[in-house]
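Worksheet for the structure shown next.
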Amino acid sequence: MKNLNYFFQSFFIYFLFLIFKILGLKLSSNLGGKIISFIGPFFRSKSRINSNLKIAFPDIKDKEMDKIINDMWNNYGKLFAEYIFMKNFRMSEKNKLVEIEGEEVIKKIKNSGKPVIFVSGHFSNFELMAMHIEKSGVKLATIYRPLNNYFINPFMEKIRKKYICKHQIKKGISGLKETLSLFKQGYSVALMIDQRVSEGIRCKFFEKDALTTSIPAQFIKRFNCDVVPVYIERLSGIRFKMTIFEPLRFEEKSNEKFITEELNLYLENLIKRRPGHWIWTHGRWK
């Protein structure tokens with residue numbers, strides 16, 4: 671039954687990708703937002719979204735919650751449609767589609783020759799962050815979680831490797847070994863720290879314990895490296911602003927839990943900037 675569901679899902683997605691390719695980037699992004707805004711509320715994740723928002727914002731009003739959810743579905747749809755146009759983003763002129771703030775940070779990293787850990791969350795079109803870090807000349811590897819749907823995953827992996835970041839590392843034990851190997855070769859590592867990971871450690875996230883990846887903390891403790899937060903927001907339509915912040919540094923005596931909770935706190939503040947640009951469908955506090 672699962673195979674059949676995956677097959678029909680993939681058929682529908684490939685059909686939409688074909689339509690999007692005909693329409694072009696701008697129209698497709700807008701259409702994708704409208705499609706998912708319409709069907710999103712019918713997904714089973716509705717109760718989880720409401721629960722997550724109440725954890726993050728205990729005093730949130732219904733009207734404000736509805737706006738955040740509507741914005742999230744709209745952005746989700748735009749992101750979905752934009753996947754088929756990653757080449758357009760990759761080949762676009764500097765600052766035409768993605769305005770970058772903090773380029774001096776990237777220059778320092780390149781000049782130092784020392785790899786760093788880039789951390790972020792599923793904001794806006796999050797794929798553009800790794801793309802533009804690599805595009806700037808930084809040697810980069812990204813850690814990702816493959817899609818459950820194996821009819822779609824090979825196609826998405828091909829897009830990621832060709833246009834987003836050449837070195838794509840699957841999460842897991844073997845992936846961690848590959849990450850260590852590349853890091854020792856001078857490759858910086860980019861990863862999302864906002865999803866629940868079963869092998870993570872329990873840390874506060876919006877004042878509630880959540881299983882969180884400790885990979886950044888492990889690398890900081892082992893290599894005494896910098897961790898660099900990155901954020902992206904949709905300005906309007908298909909234009910974005912990406913911000914690369916100054917590196918965060920921790921005292922040598924800081925343990926993994928302390929470092930991870932500090933990164934969670936940093937992430938919380940980024941989410942609060944524009945909560946409708948974060949993906950609230952994750953089972954973050956399971």
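Note that our numbering has the sequence shown beginning at 671, numbered continuously upward.
C-beta atoms are modelled at their ideal positions from N, C-alpha and C, and glycine is treated no differently.
Keep in mind that this is a model prediction, so the values were computed, not measured.
**Request:** With a 10 Å radius around its C-beta and 16 neighbouring C-beta atoms as the bar for buried, classify Y684 as buried or exposed.
**Result:** Here residue 684 is taken as the residue at index 14 of the sequence shown, counted from 1. That one is exposed.
**Message:** Between the alpha carbons of K841 and R872, how many angstroms are there, rounded?
**Reply:** Along the sequence shown, read from residue 1 onward, the residue named residue 841 stands at position 171. Along the sequence shown, read from residue 1 onward, the residue named residue 872 stands at position 202. Their Cα atoms are separated by approximately 18 Å.
**Prompt:** Opposite P899 in the DSSP bridges: which residues?
**Reply:** Position 229 of the sequence shown, counting from 1, holds the residue named residue 899. According to DSSP, which records beta bridges pairwise, P899 is partnered with V789.
**Of the listed residues S844, L937, L749, nearest to I813 (C-alpha basis)** = By 1-based counting over the sequence shown, the position of residue 813 is 143. Cα-wise, what sits closest to I813 is S844.
**Prompt:** Name the DSSP bridge partner or partners of V808?
**Reply:** The sequence position of residue 808 within the sequence shown is 138, counting from 1. Here V808 is not bridged, per DSSP, to any residue.
**Asked** What is the C-beta distance between S680 and I829, in whole angstroms, given that I count them as a contact (C-beta under 8 Å)?
**Response** Within the sequence shown, residue 680 is the residue found at index 10, counting from 1. Within the sequence shown, residue 829 is the residue found at index 159, counting from 1. The Cβ separation is near 14 Å, so there is no contact.
**Message:** Excluding the 5 residues flanking L723 on each side, which residues of the same chain have their C-beta closer than 7 Å to its C-beta?
**Reply:** Within the sequence shown, residue 723 is the residue found at index 53, counting from 1. Hits under 7 Å: I730, M735, I738, W950.
**Item:** Selection from F910, F793, N925 that minimises the alpha carbon distance to K942
**Value:** Taking the first residue of the sequence shown as 1, we reach residue 942 at position 272. The candidate whose alpha carbon is nearest that of K942 is F793.
**Prompt:** In terms of alpha-carbon separation, which member of S699, E774, Y676 lies closest to N744?
**Reply:** As a working note, residue 744 is residue 74 in the sequence shown. With distances taken between Cα atoms, N744 lies closest to S699.
**Message:** Using a 10 Å radius around the Cβ and a threshold of 16 neighbouring Cβ atoms, would you call M742 buried or exposed?
**Reply:** If you number the sequence shown from 1, residue 742 lands on position 72. Its Cβ being crowded by 16 or more others within 10 Å, M742 is buried.
**Prompt:** Is E752 near N819, with beta carbons less than 8 Å apart?
**Reply:** On the sequence shown, residue 752 is found 82 positions in, with the first residue counted as 1. On the sequence shown, residue 819 is found 149 positions in, with the first residue counted as 1. No. Outside cutoff.
**Item:** Sequence-distant residues of the same chain with beta carbon closer than 6 Å to N758, five excluded per side
**Value:** Within the sequence shown, numbered from 1, the residue matching residue 758 stands at position 88. Around N758: L695.
**Item:** Delimiting residues of the beta strand (DSSP E) encompassing I858
**Value:** On the sequence shown, residue 858 is found 188 positions in, with the first residue counted as 1. This sequence places Ser at residue 858; Ile is not what is there. That run of the beta strand (DSSP E) goes 858–862.
**Message:** Let's see if you can read the secondary structure: which residues bound the alpha helix (DSSP H) around L674?
**Reply:** If you number the sequence shown from 1, residue 674 lands on position 4. L674 -> alpha helix (DSSP H) spans 672–693.
**Whole-angstrom distance between S924 and F755, CA atom to CA atom** = Numbered from 1 along the sequence shown, position 85 holds the residue referred to as residue 755. Numbered from 1 along the sequence shown, position 254 holds the residue referred to as residue 924. Roughly 42 Å between the two C-alpha positions.
**Message:** When you compare the CB positions of Y857 and L905, do they come within less than 8 Å of one another, or not?
**Reply:** Here residue 857 is taken as the residue at index 187 of the sequence shown, counted from 1. Here residue 905 is taken as the residue at index 235 of the sequence shown, counted from 1. Cβ atoms of Y857 and L905: not closer than 8 Å.
**Message:** So, for D732: in the same chain, excluding its five sequence neighbours on each side, which residues have a beta-carbon less than 8 Å away from its beta-carbon?
**Reply:** The residue you call residue 732 lines up with position 62 of the sequence shown. Closer than 8 Å at Cβ, skipping near neighbours: no residue.
**Contact between the region 910–921 and the region 860–874 (3+ Cβ pairs under 8 Å)** = no
**Item:** Beta-carbon proximity check, V789 vs P899, cutoff 8 Å
**Value:** Stepping through the sequence shown from its first residue, residue 789 is reached at position 119. Stepping through the sequence shown from its first residue, residue 899 is reached at position 229. Yes.
**Message:** Quick check: the Cα distance between I706 and K716, rounded to an integer number of angstroms?
**Reply:** Taking the sequence shown and counting its residues from 1, the one referred to as residue 706 is at position 36. Taking the sequence shown and counting its residues from 1, the one referred to as residue 716 is at position 46. Between I706 and K716, the C-alpha separation is close to 13 Å.
**Asked** Using the beta-carbon count (16 or more within 10 Å), is E797 buried or exposed?
**Response** Against the sequence shown, residue 797 aligns to sequence position 127. It counts as buried.
**Euclidean distance between Cα positions of E869 and R718** = Numbered from 1 along the sequence shown, position 199 holds the residue referred to as residue 869. Numbered from 1 along the sequence shown, position 48 holds the residue referred to as residue 718. Rounded to the nearest angstrom, the two C-alpha atoms are 22 Å apart.
**Asked** How do the region 874–886 and the region 927–946 stand: do at least 3 beta-carbon pairs fall below 8 Å, yes or no?
**Response** yes
**Item:** Option in I914, A726, K748, N740 with minimal Cα separation from G702
**Value:** Numbered from its first residue, the sequence shown carries residue 702 at position 32. For the residues I914, A726, K748, N740, the minimum Cα distance to G702 belongs to K748.
**Message:** Taking the alpha carbon of K891 as the reference point, which residue from E926, L686, I692 has its own alpha carbon closest?
**Reply:** Counting from one through the sequence shown, the residue named residue 891 turns up at place 221. Checking every option, the nearest Cα to that of K891 belongs to E926.
**Item:** Start and end residues, beta strand (DSSP E) containing E769
**Value:** Locating residue 769 in the sequence shown gives position 99, counting from the first residue. Taken as a continuous stretch (DSSP letters only), the beta strand (DSSP E) holding E769 covers 768–771.
**Asked** What is the DSSP secondary structure of S924, counted as helix, strand or coil?
**Response** Translated into positions along the sequence shown, residue 924 becomes position 254. Three-state DSSP puts S924 in coil, outside helix and strand.
**Request:** Tell me whether M761 is buried or exposed, calling it buried when 16 or more other Cβ atoms sit within 10 Å of its Cβ.
**Result:** The residue given as residue 761 occupies position 91 in the sequence shown. So M761 ends up on the exposed side.
**Request:** Starting from the Cα of P945, find the closest Cα among F825, E771, I725 and give me that residue.
**Result:** By one-based count along the sequence shown, residue 945 stands at place 275. Here the closest residue by C-alpha is I725.
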